[in-house]
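Chains as they are written, first to last, in our numbering: chain C, -6 to 218; chain D, -6 to 218.
This report refers to the structure that appears directly beneath it.
Protein chains: 2
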Amino acid sequence: IIETTQLIKDYSLGKVKVRALSGVDVVIQEGEFVAIMGPSGSGKSTLMHIIGCLDSPTEGQYYLDGVQVSELHRSDLALIRNQKIGFVFQSFNLLPHLNVLKNVELPLMYAGMSLRKRTEKAKEVLASVGLSDRLKHKPTELSGGQRQRVAIARAIVNDPAIILADEPTGNLDSQAGGDILEIFTKLNNNGHTIIMVTHDRIVADRASRIIRIMDGKIFDGNLDS
Amino acid sequence: IIETTQLIKDYSLGKVKVRALSGVDVVIQEGEFVAIMGPSGSGKSTLMHIIGCLDSPTEGQYYLDGVQVSELHRSDLALIRNQKIGFVFQSFNLLPHLNVLKNVELPLMYAGMSLRKRTEKAKEVLASVGLSDRLKHKPTELSGGQRQRVAIARAIVNDPAIILADEPTGNLDSQAGGDILEIFTKLNNNGHTIIMVTHDRIVADRASRIIRIMDGKIFDGNLDS
Ligand SMILES: Nc1ncnc2c1ncn2[C@@H]1O[C@H](COP(=O)(O)OP(=O)(O)OP(=O)(O)O)[C@@H](O)[C@H]1O
Ligand SMILES: Nc1ncnc2c1ncn2[C@@H]1O[C@H](COP(=O)(O)OP(=O)(O)OP(=O)(O)O)[C@@H](O)[C@H]1O
Ligand SMILES: [Mg+2]
Ligand SMILES: [Mg+2]
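Set out below in structure tokens:
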């Protein structure tokens, strides 16, 4: 379902080039639960953004369900991002002028759902991450871990086939973090593909496989968790 | 050195009041290394902001070195914040238009240091957190854990007497996280007072005491780590 071939990603800063990915090959099957681990700055978020169709590589190919993503039209890409992929960002990326409920309802608007159904579904997902009493708060009126949970809720509200979670428990105590892992495990049992970046070995052990990345290269892609 | 008496903090959202702290008493001696733990949303960051003179309580008193902080003039407060306290924010709060080096040099400007000395000191601290090769990057051109390390560097560059770190290792792998704890331990051995919010028990065990907070109240303030 997800296959990358020799992905290279360079950033240019003036005359200096920073190579964030140096030839990355990953293959992830439908329904897998994969953890990605590696040192700070090793390229994990960069890889996640390419897999999530939010960024394109400098070189190399990315195939999603057999389709080469670089060949897709902008409109097809937008559809995939909205319907197939749910992304939990490392820095949350919530919309600051919308409250918690509206932030989580947003992905459902493209699904053509009525307002009543969108609100119902968003409330349900927010209840599952323990935020029923924060629906009207804006992101700046939340704690760090509450923002992280809103980001998680927003990523899963649409029931996407693929969930990409970039360090989803970094701001959560072990209780709340455990609740999130339960949610991901349930979704995976229902057939969703989960790809999760984490620095926490306990979290990584929930996955069935750990991909290790170092200096922009896959170090070991097939470690059983 | 730090003493709070029945701190209460309320936030108002329209007609609704959210009580984030419900009568918090803490006493922290000079040179202690204290960890603060508790569930997401329990009031840890709120307490840290009051201790760091960045926010004032709704009720209750806060004494810093015997001085009641609410009695201080704005200019005295600014001086304390800049010289006595180093704050690592949970969401980093780096200045987006300045590069890494300039972000870390900033606190040194009030110390009346020459530019040459400021640059030298900032580079030294950035080397200690492993970011010597990222000095000219802007915050948006860094990984999450690199931003966290810049925030840490900025908080300690001024050698402040009190270091307040709000979840300083949440975005770091265990190697980089261990390096940060080494830095804090060294600073503590040199007499600096360290107050650190963390969700990580391994991190908390570096401290000599753990303060537990729950629903805006101190649950247990004297657990030996
Ligand atoms: N500006 C605000 N307006 C309204 N409520 C707020 C505001 N800021 C924080 N809160 C609420 O106050 C409570 C305490 O927030 P705080 O940031 O101190 O929690 P925390 O213990 O640091 O949590 P975390 O571990 O998730 O970072 C939370 O329930 C939060 O929703
Ligand atoms: N816009 C950019 N311009 C220049 N370099 C960048 C940019 N974004 C990221 N980088 C660099 O690319 C490298 C990989 O970044 P990435 O965010 O993928 O790391 P990461 O593995 O997610 O790290 P962390 O665990 O700290 O989140 C880092 O060294 C970073 O400095
Ligand atoms: Mg990252
Ligand atoms: Mg907090």
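Yeah, the Cβ is synthetic: ideal placement off N, Cα and C, and Gly gets one too.
All values derive from a computational prediction rather than experimental measurement.
Verify the contact flag: D159 of chain C, CB atom, against every heavy atom of ligand 3, threshold strictly below 7 Å. Checking the Cβ of D159 of chain C against ligand 3 gives yes.
Quick check: is the beta carbon of G34 of chain D nearer than 8 Å to any beta carbon in chain C? So yes, G34 of chain D belongs to the interface.
Compare the C-alpha of L157 of chain D against each of D:C46, D:D3, D:K2 and D:E175 and name the closest. Shortest Cα-Cα distance from L157 of chain D to any of D:C46, D:D3, D:K2 and D:E175 involves D:C46.
If you measure beta-carbon to beta-carbon, which residues of the stretch 157 to 172 of chain D are closer than 9 Å to chain C? Within the stretch 157 to 172 of chain D, the qualifying residues are D159, E160, T162, G163, N164, L165, D166, S167, Q168, A169 and G170.
For the stretch 36 to 56 of chain C, which residues have a CB atom closer than 9 Å to at least one CB atom of chain D, in sequence order? Only those residues of the stretch 36 to 56 of chain C whose C-beta falls short of 9 Å from the nearest C-beta of chain D are listed: G36, K37, S38 and T39.
List the residues of chain D whose Cβ lies closer than 9 Å to the Cβ of K129 of chain C, in chain order. Within chain D, the residues near K129 of chain C are L6, G7 and V9.
From D:K77, D:I195 and D:K129, pick the residue whose C-alpha is nearest to that of D166 of chain D; which is it? The option with the nearest alpha carbon to D166 of chain D is D:I195.
Which of the three DSSP states, helix, strand or coil, is assigned to A200 of chain D? Here DSSP, grouped into helix, strand and coil, assigns A200 of chain D to coil.
Measure how close the beta-carbons of D48 of chain C and I(-6) of chain C come, nearest whole angstrom, since I'm counting them as under 8 Å. About 19 Å separates the two Cβ atoms, so there is no contact after all.
Would a check of beta-carbon distances place G137 of chain C closer than 8 Å to chain D? Judged by the 8 Å Cβ criterion, G137 of chain C is in contact with chain D.
I need the boundaries of the beta strand (DSSP E) containing R12 of chain C, first residue and last residue. For R12 of chain C, the enclosing beta strand (DSSP E) covers residues V9 to I21.
Distance check for P89 of chain C and G163 of chain C, CA to CA, integer angstroms please. Rounded to whole angstroms, G163 of chain C to P89 of chain C spans 21 Å at the Cα level.
Under 9 Å between beta-carbons, which chain C residues line up against E134 of chain D? List them in chain order, please. Within chain C, the residues near E134 of chain D are Y4, L6 and V11.
Segment limits, alpha helix (DSSP H) that includes I73 of chain C: In the DSSP assignment, I73 of chain C falls within the unbroken alpha helix (DSSP H) covering R67 to Q76.
Check whether the Cβ of R67 of chain D sits closer than 7 Å to any heavy atom of ligand 2, and report yes or no. Between ligand 2 and the CB of R67 of chain D, the shortest heavy atom gap is not smaller than 7 Å.
Where the alpha helix (DSSP H) through M41 of chain D begins and ends: Judged by DSSP secondary structure, M41 of chain D falls within the alpha helix (DSSP H) whose first and last residues are K37 to I44.
Going by DSSP, what residue range makes up the alpha helix (DSSP H) through I(-6) of chain C? Premise fails: I(-6) of chain C is in no alpha helix (DSSP H) and is neither H nor E.
Any contact of the stretch 149 to 156 of chain D with the stretch 80 to 98 of chain C, i.e. 3+ C-beta pairs under 8 Å? Taking 8 Å as the limit for Cβ pairs, the verdict is that the stretch 80 to 98 of chain C does not touch the stretch 149 to 156 of chain D.
Could you confirm whether any beta carbon from chain B is found closer than 8 Å to the beta carbon of S201 of chain C? In the structure shown, chain B cannot be found, because the protein chains are C and D.
When you compare each of D:M207, D:G209, D:N215 and D:I206 to A200 of chain D by their alpha carbons, which one comes out closest? Ranking the options by Cα distance to A200 of chain D, first place goes to D:N215.
Cβ-based burial, Q83 of chain C [other Cβ within 10 Å; buried from 16]: With 16 or more other Cβ atoms inside 10 Å of its own Cβ, Q83 of chain C counts as buried.
Chain C beta carbons: is any one of them nearer than 8 Å to that of S15 of chain D? Taking a beta-carbon distance threshold of 8 Å, S15 of chain D does not count as an interface residue toward chain C.
Closer than 7 Å: V11 of chain C CB and nearest ligand 2 heavy atom: Taking 7 Å as the cut-off, one finds at least one heavy atom of ligand 2 near enough to the beta carbon of V11 of chain C.
Measure from the alpha carbon of K275 of chain D to the alpha carbon of each residue in D:R12, D:E(-4) and D:S107, then state which is nearest. No statement about residue 275 of chain D is possible, as the shown extent of chain D runs from -6 to 218 and does not include it.
Decide if S107 of chain C is buried, meaning its Cβ has at least 16 other Cβ atoms within 10 Å, or exposed. In this structure S107 of chain C is exposed. Its beta-carbon is surrounded by fewer than 16 other beta-carbon atoms within 10 angstroms.
Please determine whether the Cβ atom of S136 of chain D lies at a distance below 7 Å from any heavy atom of ligand 3. Flag set: Cβ of S136 of chain D near ligand 3.
Of the residues C:R74, C:G34 and C:G16, the one placed nearest I149 of chain C, counting alpha carbons only: Answer by Cα proximity: C:R74.
Rounded to whole angstroms, what is the Cα-Cα separation between L135 of chain C and S33 of chain C? If you take the alpha carbons of L135 of chain C and S33 of chain C, they lie about 26 Å apart.
Looking at Q141 of chain D and ligand 4, is the gap between the Cβ and the nearest heavy atom below 7 Å? Not under cutoff, so the answer is no.
Rounded separation between F85 of chain D and A146 of chain C - CA only: So the alpha carbons of these two residues sit roughly 23 Å apart.
Does the beta carbon of K37 of chain D fall short of 7 Å from some heavy atom of ligand 5? Ligands in the displayed structure: ligand 1, ligand 2, ligand 3 and ligand 4; ligand 5 is not one of them.
Output needed in chain order: residues of the stretch 70 to 97 of chain C with a Cβ under 7 Å from some Cβ in chain D. Here the close residues are Q83 and S84.
Can you check whether the CB of L94 of chain C is closer than 8 Å to the CB of P132 of chain C? In this structure, L94 of chain C does not lie closer than 8 Å to P132 of chain C by Cβ.
Curious, which full-length beta strand (DSSP E) runs of at least 3 residues does the stretch 79 to 163 of chain D contain? For the stretch 79 to 163 of chain D, whole beta strand (DSSP E) runs of length 3 or above, ordered along the chain, are 155 to 159.
Cα-Cα separation between G7 of chain C and L70 of chain D, rounded to whole angstroms: Straight through space, the alpha carbons of L70 of chain D and G7 of chain C are spaced by roughly 40 Å.
Beta carbon of Q(-1) of chain D: closer than 7 Å to some heavy atom of ligand 4? No heavy atom of ligand 4 is found nearer than 7 Å to the CB of Q(-1) of chain D.
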